[in-house]
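Engineer: Below is a structure I'd like to ask you about.
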Amino acid sequence: MSASSTPGNPSLTGGAGATFAGSIHEWVTTVDHKRLGLLYIGSGLLFFLIGGVEAALMRAQLAMPGNELLEPQEFNRLFTMHGTTMVFLVGMPIITGFGNYLIPLMIGARDMAFPRLNAWGFWMFLFGGLVLYMSYFASMGLYGAGTAPDVGWFAYAPLSGRAFSRGNATDYWVLGIMISGFGSISGAVNMIATTITMRCRGMTMGRLPLFVWMMLVVSFLILLALPVLTAAQVMLLFDRFLGAHFFDTQAGGDAVLWQHFFWFFGHPEVYILMIPGFAYASEIIPVFSRKVIFGYSFMVAATIAIGLVAVGVWAHHMFTVGMGRGLNIWFAVITMVVGIPTGIKLFNWIATMYGGKIQMKTPMLFCIGFLGQFLVAGLSGILLSGAPLNWQLSDSYFVVAHFHFVLIGGLLFTIFAALYYWFPKVTGLMLSEKLGRWHFWLFFVGFHVTFTTMHVQGILGMPRRIYTYPGDRGWAIWNFISSAGVVFQMAGVLCFLAAVVLAFKRPRRAGPDPWNAWTLEWSTSSPPPAYNFLTLPEVRSRRPLWDLKHPHDPDWEHE
Amino acid sequence: METKSELAPEAGVELPASTSAPLYFALGLSMLLASLVTNVLFAWTGGALAIWGAVAWWREMFPHEQKVVEPAQSEAERAPPVKPVPERVRNLVAGQDGHRVRLPLEYHPYSGGLRGGLAGGAAMVVAALLYGLVTDGSPWPLVNGFAALVFPLFGAPPPPDSLSFHPGIAAAAGLLHVSFSLMLGLVYASVLPMLPGHPRLWGGLVAPLAWSGAGFVCLELVDPGSAGRIQWGVFVTLQIIFGMTAGEVISRSRPVQTLQSYPLAARAGLEAEMREDDT
Amino acid sequence: MTAAQALPMEGSSWNRGRVGMACLIFGESTFFSIFVVAYLFYLGKSLSGPQPQDVLEFPLVATVCLLSSSLTVVWGVRALAAGRRWQAGLGLALTVGLGASFIGATALEWSRLIFQQGLAIDTNLFGTTFYSLVGFHAAHVILGLMMLSGIGVGVAAGKVTAQHAERVEIVSWYWHFVDAVWLVVLTTVYVVGV
Ligand code: HEM
Ligand SMILES: [Cu+2]
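Chains A, B and C supply the protein sequences, listed in that same order.
Sequential numbering from 121 applies to the first sequence in our numbering.
Sequential numbering from 4 applies to the second sequence in our numbering.
Sequential numbering from 10 applies to the third sequence in our numbering.
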């Protein structure tokens with residue numbers, strides 16, 4: 121009962137004067153959207169470290185030709201766990217966490233629409249992740265041994281069928297992802313209901329911060345995509361446990377159907393991960409350019425367009441499976457179409473910066489890095505969408521380079537930007553600018569050393585997912601460079617951790633509005649009280665704080 | 004379903020009470036699912052936990068949602084009200100130093116592009132026919148040559164003999180030629196006004212040279228056979244004739260103003276903030 | 010300050026419960042669509058018998074039960090909102106009864122298919138897709154039945170009253186959804202599929 125008697129001020133340390141056990145209890149029973157958001161982000165970052173170690177191990181193995189650091193089987197497990205972790209246990213919780221934390225604050229509400237469901241979603245995610253990692257200890261059941269799944273993050277049939285994946289490792293993959301998937305679905309329901317019904321006075325849809333708009337689109341995509349994965353995984357479980365034949369070619373089943381189902385989920389999923397990155401950038405770039413976002417309505421429309429088109433492009437992951445000319449042409453063309461709304465966004469961010477008084481603070485640095493890297497990623501994506509070129513490059517390191525440019529160069533950079541930007545709001549403390557800069561530059565350099573080179577390996581024909589390679593193919597030097605970049609990236613992440621520790625050790629108070637920003641979350645104290653706003657705010661434009669700061673030139677005169 | 008009980012704000016705010024029900028429900032469900040790959044004990048425990056969690060959750064919501072009153076922050080902790088800042092707003096002005104120098108203030112109408120394309124195409128045909136007459140004594144070799152180049156792309160056989168007139172082939176080649184010309188005309192109309200200097204320079208010389216060069220290199224690589232059949236000198240000359248004519252006609256069409264000639268701030272509501280002492 | 014701004018959802022009946030339920034239904038629909046797609050995709054691709062046209066009978070009684078239960082639930086919810094407790098209880102009880110008959114009919118059908126016709130989930134592609142599609146629908150019916158009987162008990166005990174009518178109505182949406190899914194399943198399996 122300590123929870124209700126010690127009113128929680130959701131700072132990082134728990135309620136004032138709480139004992140350690142008491143504060144743990146407060147955290148696990150919480151239904152506060154801010155604490156749940158932090159739990160999501162915090163566990164996402166922990167999984168990020170685990171996934172990072174897995175990646176570093178793989179890069180160490182590939183640094184030299186013929187290296188024998190890892191067994192082939194171990195390598196297969198590593199890339200499976202790495203991919204699965206990064207997508208489902210890092211990307212998903214972090215974007216959900218930011219959504220949870222910020223949506224109510226940005227729309228002037230006191231909590232999410234369904235606070236308890238929100239808590240349930242978080243726990244489902246966490247237990248899903250734990251089930252997945254339990255495979256390391258328990259997947260051989262009574263034999264007492266464990267092996268992680270080794271079928272790749274997309275678990276293609278028939279490899280994932282009973283005949284080729286014995287033991288329970290693959291089942292752990294299915295169950296862990298399925299459980300955390302339920303959590304994501306509930307989170308999406310919650311974000312939609314919150315955005316639609318909990319807005320404060322005057323917060324019409326046309327005045328929603330772009331962040332909220334984009335998370336709304338993401339939530340719809342989650343509702344559209346994740347149940348598809350769940351359904352496909354249920355089918356796989358039926359195949360594996362009940363002897364059903366969904367993906368069993370011996371009984372007339374079709375292994376390619378799994379690919380269709382998986383990618384019908386998988387491509388929207390990559391946009392589920394990327395659009396939140398757009399959302400952070402759309403909040404941060406205007407503030408550090410001291411200008412209003414350029415083309416608000418076009419940004420909204422482009423996001424919706426991306427969401428719609430993203431549903432129709434899935435088979436660009438399947439050109440090499442032999443779909444036939446008609447489908448190849450359709451999926452190539454429609455994939456290229458995605459480039460249009462995406463390009464609109466890039467131009468709008470640049471136009472926002474154009475003529476502004478740009479302040480090169482750490483969040484802005486990461487956003488600028490994002491702009492360039494996302495452009496490259498989009499261009500390599502367009503290249504890959506040409507079916508003939510794809511036949512050459514698919515399943516090579518070129519694809520690995522493409523999606524790491526999106527997921528790291530795009531998403532992770534914006535996540536770092538968001539962490540630096542909202543950390544003062546969440547804790548009331550500033551992060552060190554100096555360490556932030558070190559973080560950015562180390563990570564930036566490391567990222568390019570590792571992943572820009574991967575385009576070359578891909579073009580030189582190095583397939584992905586091989587555990588080693590002979591020395592005479594001309595790949596060795598490139599692989600060595602790629603692996604070397606990891607050191608810089610790790611150093612960058614260490615700078616980040618150091619900055620966080622330092623922020624608590626040598627606190628510098630941030631105050632409610634350290635960046636002189638414009639959205640509602642900056643009008644309440646840092647950290648915000650449990651109820652967010654004592655009196656619910658009322659807005660008249662997209663930038664309510666601008667209106668208050670500039671009573672002579674408020675936005676609502678222009679909008 | 005919302006129970007509105009407005010407290011006086013100073014007393015505190017009602018919020019949903021903390022509860023462990025969702026945790027138990029989630030744990031129960033996860034264990035239930037994980038029992039597939041572990042042990043029936045998991046199933047029993049999981050099932051029990053899930054039911055327990057579900058009931059607790061239900062009790063949390065029913066008959067009334069459980070709430071706690073969160074006391075308001077003390078005055079000192081609260082964020083002070085947002086105050087006006089001593090910043091001046093400066094609107095961007097088009098053409099100001101350091102800003103983009105060339106704005107497409109006006110553009111050529113699409114109708115002009117279509118006309119230009121047609122005129123260029125016509126000039127090209129006349130020149131091609133004349134060239135045939137002079138060198139081979141028959142106007143048709145270039146028409147047939149064009150068809151021979153393009154038809155295989157569509158799977159049709161090339162014309163059998165290049166000096167005589169084949170009505171079907173001429174019609175099809177004409178159709179293709181007209182559509183190419185129209186498309187190019189449209190591209191010209193939208194691109195030419197953005198380039199500095201006279202349209203005749205860009206449209207008449209630079210563009211045809213650029214695409215002829217690109218075509219030469221690519222064709223040489225992908226299909227050396229057809230590349231060999233093309234007389235590149237004639238080809239380039241004809242393109243230049245097209246470009247000159249089209250550029251000329253387009254540049255004569257009456258330009259339409261773009262929004263660019265309106266003040267920038269009026270169009271986009273753009274503004275930049277700066278401190279008094281920055282100026 | 011100028012006149013107060015409106016609350017964005019003022020005057021709209023879309024409260025958070027309704028939006029949440031609509032979203033849940035949207036997500037569930039995608040889930041079912043995939044099973045429908047798989048069913049249609051594998052139609053006629055079974056390598057061995059039995060085939061649908063040999064063993065399936067049109068489930069007329071079950072269908073009538075389930076569809077009419079949508080009407081009784083509306084009747085019950087309206088009564089609850091109007092404070093007519095007994096009528097509300099009756100409506101819910103009828104709904105639960107009709108839903109249970111549907112499940113009963115399904116159980117009979119399945120036992121006939123399994124024990125007389127020898128069609129199990131691992132028999133062929135038809136069995137695989139049939140049992141998963143129809144089974145998931147039946148599972149949702151059972152979930153709905155559990156919720157409705159809980160509410161029914163509450164109404165009988167006088168604990169669920171007119172003030173909860175809104176929430177009960179939202180639950181009834183789910184029931185309508187389950188009904189609608191049945192129409193799709195029916196068309197897919199028993200009309201198109203045979
Ligand atoms: C302009 C936008 C984009 C285009 C045209 C595009 C195109 C493609 C294509 C054609 C492939 C298939 C390559 C192959 O396997 O042969 C691919 C793979 C991939 N893309 Fe993109 N993409 C775009 C944006 C994104 C974004 C925004 C993300 C994620 C945030 C993303 C993540 C991925 C991933 C993860 C894969 C590899 C999946 C795997 O095989 O494991 N892409 N992309
Ligand atoms: Cu894709």
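Glycine is no exception: its CB is placed at the ideal position from the N, C-alpha and C atoms.
#1: At a Cβ cut of 7 Å, what residues of the segment 362-375 of chain A count as close to chain C, listed as they run along the chain?
#2: With DSSP as the reference, label residue 145(B) as helix, strand or coil.
#3: Would residue 299(A) count as contacting chain B if we go by Cβ distances under 8 Å?
#4: Between the beta-carbon of residue 314(A) and the beta-carbon of residue 170(A), is there less than 8 Å?
#5: Where are the alpha helix (DSSP H) runs, 4 residues long or more, that stay fully inside the segment 15-100 of chain C, in chain order?
#6: Measure how close the beta-carbons of residue 644(A) and residue 226(A) come, nearest whole angstrom, since I'm counting them as under 8 Å.
#7: Which stretch, first to last residue, makes up the beta strand (DSSP E) that contains residue 17(B)?
#8: Work out the CA separation of residue 191(C) and residue 26(C) for me, nearest whole Å.
#9: Beta carbons nearer than 7 Å to chain E: which residues of the segment 57-68 of chain B have them?
#10: Could you check whether residue 187(A) and residue 241(A) sit closer than 8 Å to each other, using their CB atoms as the reference points?
#11: Cβ of residue 255(A) within 8 Å of Cβ of residue 275(A)?
#12: Got a sec, what are the start and stop residues for the beta strand (DSSP E) residue 91(B) sits in?
#13: Please report how far the alpha carbon of residue 262(A) lies from the alpha carbon of residue 207(A), in whole angstroms.
#14: Below 8 Å, can you find three or more Cβ-Cβ pairs linking the segment 168-185 of chain B to the segment 106-124 of chain B?
#15: Are there three or more Cβ pairs, one per stretch, closer than 8 Å when the segment 199-217 of chain B is compared with the segment 243-260 of chain B?
#16: Any C-beta of chain B within less than 7 Å: which residues of the segment 154-182 of chain C qualify?
#17: Work out the CA separation of residue 98(C) and residue 73(C) for me, nearest whole Å.
#18: So, helix, strand or coil for residue 417(A), using DSSP?
#19: With a CB to CB cut of under 7 Å and the five nearest residues on each side skipped, what residues in its chain are close to residue 33(C)?
#20: Is it buried or exposed for residue 577(A), if we count other Cβ within 10 angstroms and need 16 for buried?
#21: For residue 68(B) versus residue 25(B), is the C-beta distance shorter than 8 Å?
#22: For residue 60(C), which residues in chain A fall below 8 Å Cβ to Cβ?
#23: How would you label residue 417(A), buried or exposed, when you count the other beta carbons within 10 angstroms and need 16 or more for buried?
#24: Looking only at its own chain, which residues have a Cβ that is under 7 Å from the Cβ of residue 323(A), when we skip the five neighbours before and after it?
#25: Taking the alpha-carbon positions, what's the residue 194(C) to residue 272(A) distance?
#26: Quickly, what does DSSP pair residue 549(A) with across the bridge? List them, please.
#27: Express the C-alpha separation of residue 339(A) and residue 490(A) in angstroms, rounding to a whole number.
#28: Are the CB atoms of residue 352(A) and residue 43(C) within a distance shorter than 8 Å?
#29: On the DSSP bridge assignment, give the partners of residue 483(A) in chain order.
#30: Taking the alpha helix (DSSP H) that residue 271(A) belongs to, which residues open and close that run?
#31: Any beta carbon from chain A within less than 8 Å of residue 87(B)'s own beta carbon?
#32: Within the present structure, is the beta-carbon of residue 164(C) separated from the nearest heavy atom of ligand 2 by less than 7 Å?
#33: Quick one, which of 388(A), 432(A), 253(A) has its alpha-carbon nearest residue 300(A)'s?
#34: Check whether the Cβ of residue 201(B) sits closer than 7 Å to any heavy atom of ligand 2, and report yes or no.
#35: Could you tell me whether any non-hydrogen atom of ligand 2 is closer than 7 Å to the CB of residue 436(A)?
#36: Check residue 188(A) in the structure and name its three-state DSSP category.
Structural biologist: Taking the structure as given:
#1: From the segment 362-375 of chain A, only 362, 363, 364, 365, 366, 371, 372, 373 have a Cβ closer than 7 Å to chain C.
#2: Assigned with DSSP and collapsed to three states, residue 145(B) falls in helix.
#3: Output row for residue 299(A): interface = yes.
#4: Taking 8 Å as the cut-off, the beta carbon of residue 314(A) is found no closer than this to the beta carbon of residue 170(A).
#5: You should have 25-50, 61-64, 69-90.
#6: Not confirmed; about 11 Å, so no contact.
#7: Its beta strand (DSSP E) spans residues 16-19.
#8: Between residue 26(C) and residue 191(C), the C-alpha separation is close to 24 Å.
#9: Judged by its chain identifiers, the structure shown contains no chain E, and its protein chains are A, B and C.
#10: 8 Å or more divides the Cβ of residue 241(A) from the Cβ of residue 187(A).
#11: Not a contact, by the Cβ cut-off of 8 Å.
#12: Annotation for residue 91(B): the continuous beta strand (DSSP E) segment containing it runs 90-93.
#13: Model confidence at residue 262(A) stands at a pLDDT of 47, short of 50, so the residue's coordinates are unreliable and nothing is read from them.
#14: Yes, they touch.
#15: Output reads yes: the segment 243-260 of chain B touches the segment 199-217 of chain B.
#16: Flagged, chain order: 168, 175, 176.
#17: Between residue 73(C) and residue 98(C), the C-alpha separation is close to 21 Å.
#18: Three-state DSSP puts residue 417(A) in a helix.
#19: Same-chain partners within the cutoff: there are none.
#20: Residue 577(A) is buried by the Cβ-count criterion.
#21: Note that the C-beta distance between residue 68(B) and residue 25(B) is not below 8 Å.
#22: Under the 8 Å cutoff, chain A gives no residues; its nearest Cβ is about 12 Å from residue 60(C).
#23: The residue in question, residue 417(A), is exposed, as its Cβ has fewer than 16 Cβ neighbours within 10 Å.
#24: These residues qualify, in order along the chain: 227, 228, 659.
#25: Each residue's alpha carbon lies about 34 Å from the other.
#26: Within the DSSP bridge table, the entry for residue 549(A) names 629(A) as partners.
#27: The alpha-carbon atoms of residue 490(A) and residue 339(A) are separated by roughly 23 Å.
#28: Contact flag set, yes.
#29: DSSP output for residue 483(A) lists no bridge partner at all.
#30: Premise fails: residue 271(A) is in no alpha helix (DSSP H) and is neither H nor E.
#31: Flagged as an interface residue toward chain A: residue 87(B), by a C-beta distance shorter than 8 Å.
#32: Remark: the shortest separation between the CB of residue 164(C) and any heavy atom of ligand 2 does not fall under 7 Å.
#33: Of 388(A), 432(A), 253(A), the residue nearest in Cα terms is 253(A).
#34: No, since every heavy atom of ligand 2 falls outside the 7 Å radius drawn around the Cβ of residue 201(B).
#35: Remark: the C-beta of residue 436(A) is in contact range of ligand 2, defined as less than 7 Å to any heavy atom.
#36: If DSSP states are grouped into helix, strand and coil, residue 188(A) belongs with coil.
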